[in-house]
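From first to last, the protein sequence lines stand for chains A and B. Last residue of the first sequence: 471 in the working numbering, with the numbers rising by one and none dropped. Last residue of the second sequence: 471 in the working numbering, with the numbers rising by one and none dropped. The beta carbon of each residue, even a glycine, is placed where N, CA and C say it ideally should be. Read through the structure below, which is laid out as structure tokens, and then see the notes.
There are 2 protein chains.
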Amino acid sequence: MNIEERTRQPNAMFPMHPKMDEQLAQAFSANEDEEEKHIQKVQNAFLYYGPYACQRLKRSMDYLNSLSGEDQHMLSKYRAHLTCVRTCIDRNQAVIREILRERVLYPDPDGSPSNPTSDRWEFDEPPPHVRHGDMDQSIALDDADVEPLKILKAQSTLKLIARDWSTDGALEREQSYKPIIDCILEYFKPSDYELKEIKILVPGAGLGRLTYELACLGYSCEGNEFSYFMLIASNFVLNLCDYENKYVLYPWVHQYVNNLRREDQVAAVRFPDICPLKNPPKGHFEIAAGDFLEVYKTPHTYNCVATCFFIDCANNVIDFIRTIYKILVPGGIWVNLGPLLYHYSDVSGQNSIEPTFEDLCIIMESIGFVIESSRTGIRTKYAQNPSSMKQSEYQSLFWVCRKPDPFEEQRGKRKASREPHDLIVRADTDEEEEEERERAKQEQEQEEEEQKLAEAEINNETEMQDLAQPT
Amino acid sequence: MNIEERTRQPNAMFPMHPKMDEQLAQAFSANEDEEEKHIQKVQNAFLYYGPYACQRLKRSMDYLNSLSGEDQHMLSKYRAHLTCVRTCIDRNQAVIREILRERVLYPDPDGSPSNPTSDRWEFDEPPPHVRHGDMDQSIALDDADVEPLKILKAQSTLKLIARDWSTDGALEREQSYKPIIDCILEYFKPSDYELKEIKILVPGAGLGRLTYELACLGYSCEGNEFSYFMLIASNFVLNLCDYENKYVLYPWVHQYVNNLRREDQVAAVRFPDICPLKNPPKGHFEIAAGDFLEVYKTPHTYNCVATCFFIDCANNVIDFIRTIYKILVPGGIWVNLGPLLYHYSDVSGQNSIEPTFEDLCIIMESIGFVIESSRTGIRTKYAQNPSSMKQSEYQSLFWVCRKPDPFEEQRGKRKASREPHDLIVRADTDEEEEEERERAKQEQEQEEEEQKLAEAEINNETEMQDLAQPT
């Protein structure tokens with residue numbers, strides 16, 4: 001299979017392809033086997049999602065069965081609930097089989113990806129050693145080529161589908177995406193620009209909703225994503241879901257703790273809340289697979305880079321910031337929202353540095369960015385179970401940086417950047433800001449008053465001098 | 001060393017001892033070596049806290065040194081910050097050495113625990129292969145008998161000292177302890193009771209603050225704790241700190257992510273905010289070491305059991321609830337606050353069931369408790385770094401259960417228990433409750449109206465009958 005075949009997508013409305021320059025394409029082609037193996041591992045994680053979840057459930061059931069009759073009697077509703085949990089896992093697995101059914105990203109060379117007979121992986125059926133509907137099944141997980149950490153990623157993918165493509169995720173999208181969208185609409189006003197000429201890149205596109213929303217406004221949008229979990233799932237939502245709310249997921253079924261009600265664990269979420277196939281965006285829209293640092297090397301390409309919960313995914317965040325600076329056209333902007341949960345911090349075998357927001361301000365300005373505005377304390381939940389007794393949220397950062405345009409700079413249109421310590425302004429201190437502004441205004445008025453007084457004194461002196469002068 | 005020697009505490013104002021009945025004492029004595037080994041592991045975790053933290057820090061510094069000169073220049077303040085982090089780790093380790101200095105819990109047989117020459121472990125000095133003040137030190141952690149998970153517990157212990165015994169922890173204590181204290185003051189009013197005769201047990205006493213506060217009010221209090229991390233640290237605060245705010249800790253120094261400012265990671269916390277030695281409680285106060293289920297078997301012993309972030313620490317929560325019921329005197333109460341973060345859920349090799357709050361209500365009533373009141377959604381933070389960009393809190397449960405007193409029941413003083421589904425009442429729905437009460441009142445009034453009407457009708461009928469009767 002060569003690169004062209006790999007990137008061919010016969011029926012996809014929204015292209016999803018590995019994006020690469022010539023050099024990378026050669027390297028990629030050489031490492032094709034390794035890449036295939038990696039994809040196989042991701043697919044296996046999806047495929048063994050169910051058996052793995054059932055194995056965990058079975059441990060609970062076994063322990064329950066070992067308890068005294070009296071205890072079991074008190075837990076009879078809980079026992080029925082565990083059966084219900086089992087049903088939800090089966091249903092999740094069925095949706096996952098749908099997601100895996102069409103391997104559009106890497107179809108077989110004969111171009112008939114949906115023909116099950118040419119499929120090396122039979123996603124319609126569970127693995128032969130798994131009998132469904134039976135809690136007591138023996139699951140030969142030990143033999144499977146599947147990593148527990150990847151299974152957790154398959155579970156997370158379900159939560160992220162709910163975040164990006166269900167009505168249940170509306171609040172989280174409002175918190176995370178709206179500030180970015182509003183900012184871009186402000187900088188590239190539909191009244192001032194031909195929006196299809198404004199090229200926006202969204203690195204770390206995930207399930208693709210932010211990129212889709214920006215494309216719906218008319219901008220020319222490209223999402224970039226590295227994780228095959230995300231790529232496989234977003235391709236399903238973007239190219240294969242044919243009507244609204246077709247599928248049901250149970251994203252919280254793996255949360256056994258901190259449940260008030262049994263029904264909280266088995267809450268259903270429908271997706272997609274909007275069908276991209278039926279609602280294609282006005283603007284260009286594509287998702288490109290690949291490592292952000294490897295793929296994006298052409299300078300002066302994008303008018304805007306929008307990053308949401310992304311910049312903390314680097315070993316060295318400076319590399320990300322430098323690349324963003326490079327690919328922006330002069331005068332282009334970078335809009336960012338998210339915390340600094342450096343993903344490689346304390347991950348064994350991974351390098352990591354973890355600069356604070358203060359340090360990032362120094363880095364951004366050293367690289368050449370002008371920090372146009374920044375806020376702290378933006379309340380953003382991320383794949384949060386709304387019924388859980390544990391509630392977490394990020395006090396996210398939000399900033400807009402501009403890559404200076406030398407010509408505009410010469411015309412003196414751009415103001416000088418502020419000192420980094422001014423940049424830490426909490427979003428929830430509007431009142432304090434108002435007070436600060438009031439105080440500054442008063443100080444200015446006082447200064448003006450003093451200026452007038454000083455001027456008056458000079459005038460006075462002049463008058464005195466005039467008076468002193470012999471006429 | 002026999003049991004008596006092990007429990008002797010020559011200079012301790014507040015007794016800390018392994019609590020056990022005769023049978024358990026024999027078993028304990030037999031397993032003394034194993035117990036010693038376990039304690040040694042905990043002490044090693046405390047002892048290697050510093051070297052372990054420095055090893056992690058060194059990885060960051062090594063990576064930093066490998067970056068380009070340009071990158072390093074932008075990170076020069078960050079580099080200085082890492083040196084500051086190192087200083088904080090050293091200072092934390094110095095406090096830990098103080099904490100370990102006096103092994104009051106298990107002093108040597110000669111009764112001179114503070115004599116360093118009789119000490120098998122030299123806590124004053126770092127291990128010989130660790131050179132302090134040098135980032136490049138070679139740490140022979142591989143040879144040490146120390147588990148990474150236990151090191152994390154040593155780190156947590158520092159945070160819990162801040163929660164229980166610093167002014168910085170005041171808000172969290174207000175959230176978690178005040179509802180319990182207020183409730184006990186309501187049930188056992190100082191005006192109605194001789195408080196020293198009210199025996200309160202606090203299982204999962206942790207660093208001991210809740211138990212101490214209750215004892216300060218005059219109640220006769222016993223804390224029970226299983227973890228030697230907690231026991232060693234609480235013994236230090238209770239029996240060895242001789243004045244307020246003597247020590248400084250840096251509880252957030254291990255959080256490298258989600259920091260706005262460099263200073264957030266190295267924020268100092270002083271402890272203890274109150275010195276128990278100088279402020280001994282009015283009521284009896286002791287901490288007993290041991291497994292709650294093993295130690296507490298004598299029925300009808302306590303007037304009150306107060307559990308805070310405790311009941312989810314069981315493999316089978318029913319065992320905890322049954323034991324609490326057993327040890328309460330008839331008419332005694334159980335006050336609980338906390339989430340349901342079942343600690344053994346998804347812990348390899350551990351059995352666990354995870355009943356929801358709904359299920360717990362069934363269990364509590366099946367065992368015999370009368371649920372007097374319950375609330376959900378009590379906002380409680382737990383060892384939360386206040387400056388972090390990630391903020392988590394529990395929507396905790398709070399309930400008061402009564403073990404019925406047969407004699408009182410006969411006098412008909414106790415009302416019947418409510419249905420479990422009524423028990424889920426959010427704390428933040430006071431208005432709704434008010435509305436509900438209003439509605440219930442209106443319904444009652446309507447019923448009374450209807451009753452009057454019905455009575456009137458009967459009277460009417462009677463009248464009609466009367467009328468129909470031939471006079």
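Restricting to Cα atoms, I'd like to know which of B:Y342, B:H284, B:F309 and B:Q395 is closest to B:P15. Stepping through the second sequence from its first residue, residue 15 of chain B is reached at position 15. Closest by alpha carbon: B:H284.
Point to revise | Per-residue contacts from A:N336 into chain B (C-beta, under 7 Å) | key: Sequence index remark: in the first sequence, residue 336 of chain A carries index 336 (1-based). Those within 7 Å of A:N336 in chain B number zero; the least Cβ separation is about 13 Å.
task = Would you kindly check if the distance between the Cβ of B:V266 and the Cβ of B:W252 is under 9 Å?
result = Your numbering for residue 252 of chain B matches position 252 in the second sequence. Your numbering for residue 266 of chain B matches position 266 in the second sequence. Going by C-beta atoms, B:W252 is nearer than 9 Å to B:V266.
Under 9 Å, Cβ to Cβ, is there at least one residue of chain B near A:P15? Position 15 of the first sequence, counting from 1, holds the residue named residue 15 of chain A. Judged by the 9 Å Cβ criterion, A:P15 is not in contact with chain B.
**Asked** Who are the near neighbours of B:K278 in its chain, counting only those whose CB is closer than 8 Å to its CB and skipping five residues on each side?
**Response** Here residue 278 of chain B refers to the residue found at position 278 of the second sequence. Closer than 8 Å at Cβ, skipping near neighbours: D242, Y243 and E244.
Under DSSP, the alpha helix (DSSP H) around B:E36 begins and ends at which residues? Indexing the second sequence from 1 puts residue 36 of chain B at position 36. It spans E32 to L47 - the alpha helix (DSSP H) in which B:E36 sits, taken as one unbroken run.
- Are the beta-carbon atoms belonging to A:I362 and A:G338 less than 9 Å from one another? The residue you call residue 362 of chain A lines up with position 362 of the first sequence. The residue you call residue 338 of chain A lines up with position 338 of the first sequence. No, these two residues do not count as a Cβ contact at 9 Å.
Practice task
Check the Cβ of B:F357 against every Cβ in chain A and list those closer than 9 Å, keeping chain order.
Solution key: Here residue 357 of chain B corresponds to residue number 357 of the second sequence, with the count starting at 1. Within 9 Å Cβ-Cβ: N259, L260, R261 and M389.
Taking all protein chains shown into account, do 16 or more other C-beta atoms lie within 10 angstroms of the C-beta of B:T87, making it buried, or fewer, making it exposed?
Position 87 of the second sequence, counted from the start, is the residue given in the question as residue 87 of chain B. B:T87 should be labelled exposed.
Handout entry: CB of A:D271 within 9 Å of CB of A:Y247, strictly
Key = The residue given as residue 271 of chain A occupies position 271 in the first sequence. The residue given as residue 247 of chain A occupies position 247 in the first sequence. It should be noted that the sequence gives Phe, not Asp, for residue 271 of chain A. Yes, the Cβ-Cβ distance between A:F271 and A:Y247 is below 9 Å.
*Within 10 angstroms of its Cβ, does B:K282 collect 16 or more other Cβ (buried), or is it exposed?*
Position 282 of the second sequence holds residue 282 of chain B. Exposed, by the Cβ-count rule.
Below 8 Å on the Cβ atoms is my guess for B:D145 versus A:L75; work out the distance and round it to an integer in Å.
Locating residue 145 of chain B in the second sequence gives position 145, where the first residue counts as 1. Locating residue 75 of chain A in the first sequence gives position 75, where the first residue counts as 1. Not quite, the Cβ-Cβ distance comes to about 40 Å (not below 8 Å), so this is no contact.
- Task: Classify B:N239 as helix, strand or coil using the three-state DSSP reduction.
- Result: Stepping through the second sequence from its first residue, residue 239 of chain B is reached at position 239. Helix, per DSSP.
Exercise. Check each residue of the region 74–91 of chain A: if its Cβ is closer than 7 Å to any Cβ of chain B, include it; give the result in chain order.
Key: M74, L75, K77 and Y78
Excluding the 5 residues flanking B:T157 on each side, which residues of the same chain have their C-beta closer than 6 Å to its C-beta?
As a first step, residue 157 of chain B must be located in the second sequence, where it is residue number 157. Only F229 and A233 meet the Cβ criterion.
**OP:** Would you list, in sequence order, the uninterrupted beta strand (DSSP E) runs of no fewer than 3 residues that lie entirely inside the region 244–324 of chain B?
**Re:** 247–249, 269–271, 285–289 and 302–308
Within its chain, find whatever has a CB closer than 8 Å to the CB of A:S220; leave out the 5 residues flanking it on each side and keep chain order.
Taking the first sequence and counting its residues from 1, one reaches residue 220 of chain A at position 220. Answer for A:S220: L195, K196, E197, I198, K199, I200, G283 and H284, listed in chain order.
Review point. Where does A:V335 fall in DSSP's three states?
Key: Here the question's residue 335 of chain A lines up with position 335 in the first sequence. Here A:V335 sits in strand by DSSP.
- Query: Name the chain B residues whose beta carbon is nearer than 8 Å to that of A:S374?
  - Reply: Here residue 374 of chain A refers to the residue found at position 374 when the first sequence is read from its first residue. Those within 8 Å of A:S374 in chain B number zero; the least Cβ separation is about 11 Å.
Do you know how far the Cα of A:S392 is from the Cα of B:Y394? Reading the second sequence from its first residue, position 394 is the one you call residue 394 of chain B. Reading the first sequence from its first residue, position 392 is the one you call residue 392 of chain A. Looking at the two C-alpha atoms, the distance is approximately 9 Å.
Comparing the C-beta of A:S176 with each C-beta of chain B, is any distance below 9 Å?
On the first sequence, residue 176 of chain A is found 176 positions in, with the first residue counted as 1. A:S176 does not count as touching chain B.
message: For A:Q93, would you say it is in contact with chain B, using Cβ-to-Cβ distances shorter than 9 Å as the test?
response: Stepping through the first sequence from its first residue, residue 93 of chain A is reached at position 93. With 9 Å as the cut-off, A:Q93 does not count as an interface residue toward chain B.
**Asked** Span of the beta strand (DSSP E) holding A:Q395?
**Response** Here residue 395 of chain A refers to the residue found at position 395 when the first sequence is read from its first residue. Note, A:Q395: beta strand (DSSP E), K390 to R402.
> Are the C-beta of B:E498 and some C-beta of chain A separated by less than 9 Å?
Replying inline: The question about residue 498 of chain B has no answer, for chain B in this structure spans 1 to 471.
*asked:* Any beta carbon from chain A within less than 9 Å of B:S156's own beta carbon?
replied: For this step, residue 156 of chain B is matched to residue 156 along the second sequence. Closer than 9 Å: no.
### Task
Could you list which residues in chain A have their beta carbon closer than 7 Å to that of B:E393, in chain order?
Mapped onto the second sequence, residue 393 of chain B falls at position 393. Per Cβ cutoff of 7 Å: Q391.
| message | Can you look up B:K196 in the DSSP assignment and give me helix, strand or coil? | response | Within the second sequence, the letter at position 196 stands for residue 196 of chain B. If DSSP states are grouped into helix, strand and coil, B:K196 belongs with the helices.
inquiry  = Assuming contact is defined by CB atoms lying nearer than 9 Å, are B:N224 and B:V295 in contact in what I supplied?
reply    = As a working note, residue 224 of chain B is residue 224 in the second sequence. As a working note, residue 295 of chain B is residue 295 in the second sequence. Going by C-beta atoms, B:N224 is nearer than 9 Å to B:V295.
* To do: Starting from the Cα of A:G206, find the closest Cα among A:T307, A:D273 and A:E263 and give me that residue.
  => Numbered from 1 along the first sequence, position 206 holds the residue referred to as residue 206 of chain A. Ranking A:T307, A:D273 and A:E263 by Cα distance to A:G206 puts A:T307 first.
With 16 other Cβ atoms within 10 Å as the buried cut-off, status of A:P179: The residue labelled residue 179 of chain A in the question sits at position 179 within the first sequence. The residue is buried, with at least 16 neighbouring Cβ atoms inside 10 Å.
Practice task
Taking only the alpha-carbon atoms, compute the straight-line gap between B:I184 and B:P406 and give it to the nearest angstrom.
Solution key: Numbered from 1 along the second sequence, position 184 holds the residue referred to as residue 184 of chain B. Numbered from 1 along the second sequence, position 406 holds the residue referred to as residue 406 of chain B. Rounded to whole angstroms, B:I184 to B:P406 spans 22 Å at the Cα level.
**Study point:** Length of the line joining the Cα atoms of B:S166 and B:V95
**Key:** Locating residue 166 of chain B in the second sequence gives position 166, counting from the first residue. Locating residue 95 of chain B in the second sequence gives position 95, counting from the first residue. Rounded to whole angstroms, B:S166 to B:V95 spans 15 Å at the Cα level.
Practice prompt. Using beta-carbon positions only, say whether A:Y342 and B:V85 come within less than 9 Å of one another.
Written response: Counted from its first residue, the first sequence places residue 342 of chain A at position 342. Counted from its first residue, the second sequence places residue 85 of chain B at position 85. In this structure, the beta-carbon distance from A:Y342 to B:V85 does not fall below 9 Å.
**Q.** Closest Cα partner of A:P299 within the set A:F309, A:F46, A:K326 and A:R79
**A.** Here the question's residue 299 of chain A lines up with position 299 in the first sequence. Of A:F309, A:F46, A:K326 and A:R79, the residue nearest in Cα terms is A:K326.
**Asked** How many angstroms separate the CA atom of B:K403 from the CA atom of B:Y302?
**Response** Taking the second sequence and counting its residues from 1, one reaches residue 403 of chain B at position 403. Taking the second sequence and counting its residues from 1, one reaches residue 302 of chain B at position 302. Distance between the alpha carbons of B:K403 and B:Y302 is about 11 Å.
Let me check you understand the geometry: is the CB of B:K282 closer than 8 Å to at least one non-hydrogen atom of the ligand ATP?
Among the components modelled here there is no ligand, and therefore nothing to report on the ligand ATP.
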